[in-house]
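Taking it in order: structure first as structure tokens, then the write-up.
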Amino acid sequence: MDASPTALYAPLRFAVAYFGAVFVAGFGLGVVRTLWLAPAVGPLAAVALELPLMLGFSAFMAGRLLRRWPLSRGTAALAGALALLLLLAAEAGVSLLAGRDLAAHWALYRAAEAQLGLAGQLVFGLLPALRANQKAP
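Per our numbering, residue 545 is the first one in the sequence shown, and the count goes up by one each step.
Right under this line is the structure:
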């Protein structure tokens, strides 16, 4: 990877845009899941129903952003990792705003629905590298 400031800025720019778009969508779907879907079908089923929508949107956004800002597979992997770190930090921040401390936030991952969500977040982090250098549909 080129060490110029512009080349170092590219994965960060991608990561912030990717994280931002997916976080906003996830926040909206999370409200629907928490307030209406989970009480009707249970928390694990609600996450299982939401996850394909989030991953589909994540794949769409990764592809769209890669068309706008083409990255090599390695740089896209770095951008995906940065976006994942931003997502995990934002999720912890929302948990803190809800009145939990970090220990209570991490304890949430003992639940199956949180583990399923975390698996989806890991896929979110991998999607830019998986979509890099693909021909757009």
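Glycine included, C-beta positions come from ideal geometry on N, C-alpha and C.
Legend entry - Residue from L641, L632, N677 with nearest C-alpha to Y653: L632
Legend entry - Completely contained alpha helix (DSSP H) runs for the stretch 587 to 639, where each covers 4 or more residues: 587 to 612
Inset, instruction - May I ask you to verify whether the stretch 600 to 613 touches the stretch 551 to 561, counting CB pairs closer than 8 Å and requiring at least 3? - result: yes
Legend entry - Under 9 Å between C-beta atoms of L593 and R617: no
Legend entry - Inter-residue Cα distance where the pair is V591 and W580: 12 Å
Inset, instruction - With a 10 Å radius around its C-beta and 16 neighbouring C-beta atoms as the bar for buried, classify L629 as buried or exposed. - result: exposed
Inset, instruction - Check G643 in the structure and name its three-state DSSP category. - result: coil
Inset, instruction - With DSSP as the reference, label P681 as helix, strand or coil. - result: Reliability fails at P681, whose pLDDT of 46 lies under 50, so the model's placement of it is uncertain and the value that follows must be treated cautiously. Reduced to three states, the DSSP call for P681 is coil.
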